[in-house]
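Visitor: Provided herewith is a single structure, encoded as structure tokens, for subsequent inquiry.
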Amino acid sequence: QKEVEQNSGPLSVPEGAIASLNCTYSDRGSQSFFWYRQYSGKSPELIMFIYSNGDKEDGRFTAQLNKASQYVSLLIRDSQPSDSATYLCAGYTGNQFYFGTGTSLTVIP
Amino acid sequence: DTGVSQDPRHKITKRGQNVTFRCDPISEHNRLYWYRQTLGQGPEFLTYFQNEAQLEKSRLLSDRFSAERPKGSFSTLEIQRTEQGDSAMYLCASSRPSGNTIYFGEGSWLTVV
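From first to last, the protein sequence lines are chains A and B.
Heads up: the first sequence begins at 7 in the working numbering, then just goes up one per residue.
Heads up: the second sequence begins at 29 in the working numbering, then just goes up one per residue.
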């Protein structure tokens with residue numbers, strides 16, 4: 007059973023702060039990991055993906071992967087109120103993507 | 029290229045009726061996925077196509093659900109004899125032949141009353 011565990015939150019951070027979102031996964035064979043942002047009532051929107059150990063940066067977003075610990079994280083720097091959403095962590099293996107339940111983030115102005 | 033398109037966006041149906049959703053993937057994407065998402069949950073895998081072949085189907089998918097992709101382009105998801113528990117957002121996603129990243133459509137909301 008491939009699973010991704012996320013803290014459902016809610017996570018609240020003040021505007022301009024760093025938001026840290028985490029997930030763990032069960033399948034060591036998973037090849038890639040993804041972070042999606044989902045606004046209420048909307049479909050998931052891809053933020054970034056990572057498949058190598060270490061950090062990957064894209065603008066205000068940094069994804070981190072630690073395969074030994076089976077741990078994935080997303081850091082959002084200079085958080086903005088528009089970042090308030092649910093963030094879904096997903097893993098990929100065997101042509102299948104499997105999702106966590108998401109972490110709700112609120113950025114307080 | 030306007031992304032993954034789903035239709036209808038919203039559907040309200042009476043219990044016991046059949047409903048069908050359509051998905052048009054991004055044009056060069058040969059892989060197509062259907063997911064279901066309920067409130068407070070992540071997307072749940074339903075089925076996956078590569079071109080016209082349905083390669084994988086979730087064990088959670090009852091016999092009332094059927095999906096097709098007859099010409100390897102658009103896909104349909106049909107739910108027969110709908111139940112209130114079928115109320116959810118049905119998401120379609122697609123990816124490139126060599127890609128491992130999926131892009132979602134806007135989703136089709138189903139409400140069974």
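Ideal Cβ positions, reconstructed from N, Cα and C, are used throughout, including at glycine.
1) Run through chain A and tell me which residues come within less than 7 Å of PHE132 (chain B), C-beta to C-beta.
2) Go ahead and label GLY22 (chain A) buried or exposed: buried means 16 or more other beta carbons lie within 10 angstroms of its beta carbon, across all protein chains shown.
3) On the three-state DSSP scale, how would you describe SER88 (chain A)?
4) DSSP state of GLN112 (chain B), grouped into three classes?
5) Give the straight-line distance between the Cα atoms of TYR131 (chain B) and GLY44 (chain B), rounded to the nearest whole angstrom.
6) To which residues does DSSP link GLY97 (chain A) through a beta bridge?
7) When the cut-off is 8 Å and only beta carbons count, does SER38 (chain A) lie next to chain B?
8) Compute the Euclidean distance between the alpha carbons of LEU60 (chain B) and PRO125 (chain B), then round it to the nearest angstrom.
9) At a CB-CB cut-off below 8 Å, which residues of chain A make contact with GLY135 (chain B)?
Guide: Let me spell this out:
1) For the purposes of this step, residue 132 (chain B) is identified with residue 104 of the second sequence, where counting begins at 1. Correct list: SER49, PRO50.
2) Sequence index remark: in the first sequence, residue 22 (chain A) carries index 16 (1-based). Under this definition GLY22 (chain A) is an exposed residue.
3) As a first step, residue 88 (chain A) must be located in the first sequence, where it is residue number 82. Correct three-state label for SER88 (chain A): helix.
4) As a position in the second sequence, residue 112 (chain B) is number 84, starting the count at 1. Three-state DSSP puts GLN112 (chain B) in a helix.
5) Position 103 of the second sequence, counted from the first residue, corresponds to residue 131 (chain B). Position 16 of the second sequence, counted from the first residue, corresponds to residue 44 (chain B). In this structure, the CA atom of TYR131 (chain B) is about 32 Å from the CA atom of GLY44 (chain B).
6) Counting from 1 along the first sequence, the entry for residue 97 (chain A) is found at position 91. For GLY97 (chain A), which the question treats as bridged, DSSP gives the partners A:PHE39, A:TYR104.
7) Within the first sequence, the letter at position 32 stands for residue 38 (chain A). Yes, SER38 (chain A) lies at the interface with chain B (some Cβ there is under 8 Å from its Cβ).
8) Taking the first residue of the second sequence as 1, we reach residue 60 (chain B) at position 32. Taking the first residue of the second sequence as 1, we reach residue 125 (chain B) at position 97. Within the model, the alpha-carbon separation for LEU60 (chain B) versus PRO125 (chain B) is close to 10 Å.
9) Reading the second sequence from its first residue, position 107 is the one you call residue 135 (chain B). Per Cβ cutoff of 8 Å: LYS48, SER49.
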